[in-house]
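Protein chains in written order, with my numbering: chain X, 67 to 161; chain A, 67 to 161; chain G, 67 to 161; chain Z, 67 to 161; chain E, 67 to 161.
All C-beta atoms, glycine included, are put in the ideal place defined by N, C-alpha and C.
Right, one structure below, let's go through it.
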Amino acid sequence: MNLAKVTGTLVASRKEPSMEGMKFLVLRQLDAANSETGGYVVAVDAVGAGVGEVVMYASGSSARQTEMTKDRPCDAVVMAIVDTWELDGETVYTK
Amino acid sequence: MNLAKVTGTLVASRKEPSMEGMKFLVLRQLDAANSETGGYVVAVDAVGAGVGEVVMYASGSSARQTEMTKDRPCDAVVMAIVDTWELDGETVYTK
Amino acid sequence: MNLAKVTGTLVASRKEPSMEGMKFLVLRQLDAANSETGGYVVAVDAVGAGVGEVVMYASGSSARQTEMTKDRPCDAVVMAIVDTWELDGETVYTK
Amino acid sequence: MNLAKVTGTLVASRKEPSMEGMKFLVLRQLDAANSETGGYVVAVDAVGAGVGEVVMYASGSSARQTEMTKDRPCDAVVMAIVDTWELDGETVYTK
Amino acid sequence: MNLAKVTGTLVASRKEPSMEGMKFLVLRQLDAANSETGGYVVAVDAVGAGVGEVVMYASGSSARQTEMTKDRPCDAVVMAIVDTWELDGETVYTK
């Protein structure tokens with residue numbers, strides 16, 4: 067999984083029917099030190115994440131292993147809201 | 067999913083039989099600020115997208131989770147036409 | 067899918083038994099402007115492509131969605147020979 | 067598979083229910099010479115790895131081929147703790 | 067598939083039980099001109115490759131399509147030992 071910050075939302079009214087009702091989040095990718103990498107991904111929200119929150123997302127076929135995304139053309143899903151992580155014994159981020 | 071602009075079409079008459087009837091779109095990839103990244107991908111169109119439109123596409127096995135692409139050798143599918151997205155509270159793109 | 071030019075062939079007599087009889091093509095990857103990117107991939111040929119031809123290939127699990135490659139340890143397959151594509155209204159390549 | 071050093075842990079109390087009870091490790095990726103590449107990944111621990119240990123992890127759908135991660139939205143799993151590897155006849159790393 | 071040179075072996079005694087008995091090879095990735103790219107991957111050996119040999123490996127879910135790796139957390143498998151390949155009509159490598 068990778069870390070990201072939810073920085074926006076996306077609306078697409080014309081889409082594959084199985085994607086109806088999904089909430090699309092625009093994520094800015096973070097490195098392990100909690101700095102933005104410059105990369106982004108649009109992910110389906112499976113956990114009720116809001117703009118500004120730091121999340122974990124899963125990619126590829128693993129993005130379809132939630133009830134919301136099963137069998138859908140979804141290759142990225144927010145599957146956790148991060149509380150905290152530490153590196154080398156120091157806390158890098160706390161919600 | 068990633069964002070892209072439909073910039074062209076591709077014709078391939080000799081192909082895996084299961085790909086008959088598919089419409090191939092040449093997509094230029096966009097970053098979250100709506101700038102072209104220099105990358106591209108050829109994707110099957112599942113939503114009736116036209117040249118000039120901004121779309122979302124799914125990659126990998128998720129690209130086979132539409133009726134049109136199921137069980138086919140397709141690793142990228144346009145699964146939504148984007149209406150609008152915003153970042154940090156500002157609208158980046160509106161159709 | 068991505069674009070590539072068939073630039074060579076590869077022979078491997080000792081291989082996973084399920085790969086017997088496959089034709090391996092060495093592909094140089096192309097960008098959307100038909101220039102070589104410097105990247106390459108070895109792909110199984112599912113459409114009878116020859117050296118010098120411009121093709122589309124599918125990667126990952128989608129590379130196993132042809133009769134020839136089904137259930138085999140193959141992560142790239144040539145699934146179409148390209149006739150032509152255009153970008154921004156201009157023809158980039160014609161066979 | 068790729069090599070990495072376990073450098074931290076991550077806590078996420080709000081997550082996809084199927085991820086309950088998983089231990090999330092923050093891995094710094096290593097190259098074949100045992101130097102950090104600058105990349106990272108968050109992986110589920112399937113083997114009881116601890117901070118400071120050098121491990122192998124599997125990505126993508128292969129990350130779901132452990133009892134712990136089966137059918138879960140997990141795209142990276144620590145599936146081995148490395149004892150030693152050698153390159154060109156010289157030992158690069160020993161636990 | 068990609069090309070690589072087998073440059074070493076790796077031992078991991080503590081691992082996911084389904085990986086027992088697998089032989090792990092450290093591969094240095096090659097480009098189409100048979101030069102090392104600087105990248106590496108650890109792959110399971112499905113064909114009896116030895117250090118110094120040039121091989122092809124498959125990645126992702128395709129790495130699980132051998133008898134040895136089926137349903138295992140393995141994302142890279144050596145599935146062929148390369149005899150020779152040519153590019154633009156010239157032989158690049160012969161075993």
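Q) Looking only at C-alpha atoms, which of E:Ser-79, E:Met-122, E:Leu-76 and E:Glu-86 sits nearest to Leu-96 (chain E)? A) Among E:Ser-79, E:Met-122, E:Leu-76 and E:Glu-86, the Cα nearest to that of Leu-96 (chain E) belongs to E:Met-122.
Q.
Quick check: what's the CA-CA separation for Ser-79 (chain A) versus Gly-74 (chain G)?
A. 22 Å
**Q.** Interface residues of chain E facing Asp-137 (chain G) [CB-CB closer than 9 Å]
**A.** Gln-131
Q | Nearest residue (CA-CA) to Glu-152 (chain G), options G:Ala-99, G:Val-117 and G:Pro-139 | A | G:Ala-99
Q. So is Val-144 (chain A) in contact with chain G if we call contact Cβ pairs under 8 Å?
A. Output row for Val-144 (chain A): interface = no.
Q. Quick one: what's got a C-beta closer than 7 Å to Lys-136 (chain X)'s C-beta in the same chain, skipping five residues either side?
A. Arg-130
Q) Based on the DSSP output, what are the partners of Val-113 (chain X) in its beta bridges? A) For Val-113 (chain X), which the question treats as bridged, DSSP gives no partner whatsoever.
**Q.** Interface partners of Ser-127 (chain G) on chain A, CB under 9 Å
**A.** Against Ser-127 (chain G), the close residues of chain A are Gly-126, Ser-127, Arg-130 and Asp-141, in the order they occur along the chain (beta-carbon pairs closer than 9 Å).
Q | Per-residue burial, Pro-83 (chain G) [other beta carbons within 10 Å of its own, 16 or more giving buried] | A | Here Pro-83 (chain G) is exposed: its Cβ has fewer than 16 other Cβ atoms, across all protein chains shown, within 10 Å.
Q. Is the stretch 136–151 of chain G close to the stretch 104–112 of chain G, with three or more CB pairs under 8 Å?
A. yes
(Q) So for Met-85 (chain A), helix, strand or coil by DSSP? (A) helix
Q. Secondary structure at Ala-129 (chain G), three-state DSSP: helix, strand or coil?
A. In the structure shown, Ala-129 (chain G) adopts helical secondary structure according to DSSP, grouped into three states.
Q. What's the C-alpha gap between Thr-202 (chain A) and Glu-102 (chain X)?
A. Since the first and last residues shown for chain A are 67 and 161, residue 202 (chain A) lies out of range.
Q. Can you tell which of E:Thr-132, E:Lys-71, E:Glu-86 and E:Gly-118 has its C-alpha closest to the C-alpha of Val-77 (chain E)?
A. E:Glu-86
Q) When the distance is taken between beta carbons, is Val-72 (chain A) closer than 8 Å to Leu-93 (chain A)? A) Pairing Leu-93 (chain A) with Val-72 (chain A) gives a Cβ-Cβ distance under 8 Å.
Q: Could you give the DSSP three-state label for Thr-135 (chain A): helix, strand or coil?
A: coil
Q.
Beta carbons nearer than 9 Å to chain E: which residues of the stretch 67–94 of chain G have them?
A. Thr-73, Gly-74, Thr-75, Leu-76, Val-77, Ala-78, Ser-79, Arg-80, Lys-81, Glu-82, Pro-83, Ser-84, Met-85, Phe-90, Val-92, Leu-93 and Arg-94
Q: Can you give me the Cβ contacts of Met-134 (chain X) inside the same chain, cut-off strictly under 6 Å, excluding the 5 residues immediately before and after it?
A: Cβ within range, chain order: Ala-112.
(Q) Would Met-67 (chain E) and Ala-115 (chain E) be called neighbours here (beta carbons separated by less than 8 Å)? (A) no
Q. If you compare alpha carbons, which of G:Ala-146, G:Ser-127 and G:Arg-138 is closest to Ala-70 (chain G)?
A. Cα-wise, what sits closest to Ala-70 (chain G) is G:Ala-146.
Q: Spatial neighbours of Lys-89 (chain Z) within its chain, please: CB distance less than 8 Å, with the 5 preceding and 5 following residues excluded, ordered by chain position.
A: Take Lys-89 (chain Z), set aside five residues on each side of it, and the residues of its chain with a beta-carbon closer than 8 Å to its own are Thr-75, Val-110 and Asp-111, in chain order.
Q) Given a limit of 7 Å on CB to CB distance, which residues of the stretch 108–122 of chain G reach chain A? A) Ala-112, Val-113 and Met-122
Q: Anything in chain A within Cβ reach of Glu-102 (chain G), meaning under 8 Å, just list it in chain order.
A: In chain order: nothing, as chain A lies at least about 14 Å away.
Q: Starting from the C-beta of Thr-132 (chain E), find all residues in its chain whose C-beta is less than 7 Å away, skip the five residues before and the five after it, and write them out in chain order.
A: Ala-112, Val-143 and Met-145
Q.
Between which residues of its own chain and Lys-161 (chain E) is the CB-CB distance below 6 Å, once the five residues before and five after are set aside?
A. Only Asp-149 meet the Cβ criterion.
Q: Could you pull out every residue in the same chain whose Cβ sits closer than 8 Å to the Cβ of Gly-126 (chain X), ignoring the five residues on either side in sequence?
A: Cβ within range, chain order: Asp-141.
(Q) Can you list, in chain order, the residues of its chain with a C-beta nearer than 7 Å to that of Tyr-106 (chain E)? Leave out the 5 residues immediately preceding and following it. (A) Its chain contains Val-92, Leu-93, Arg-94 and Gln-95 as the residues whose beta carbon lies nearer than 7 Å to that of Tyr-106 (chain E), once the 5 sequence neighbours on both sides are disregarded; these appear in chain order.
Q.
Below 9 Å on C-beta distance, what does Tyr-159 (chain G) contact in chain E?
A. Neighbours of Tyr-159 (chain G) on chain E: none; closest Cβ ~19 Å, over 9 Å.
Q. Is Gly-118 (chain E) helix, strand or coil when you go by DSSP?
A. coil
Q: Could you spell out the range, first to last residue, of the beta strand (DSSP E) harbouring Asn-68 (chain E)?
A: 68–77
Q) Who are Val-143 (chain E)'s beta bridge partners in DSSP? A) E:Val-110 and E:Ala-124
**Q.** Sheet register partners of Val-92 (chain E) (DSSP bridge)
**A.** E:Gly-74 and E:Val-108
Q) For Met-157 (chain X), which residues does DSSP report across the bridge? A) Contrary to the premise, residue 157 (chain X) reads as Thr rather than Met in this sequence. X:Glu-152.
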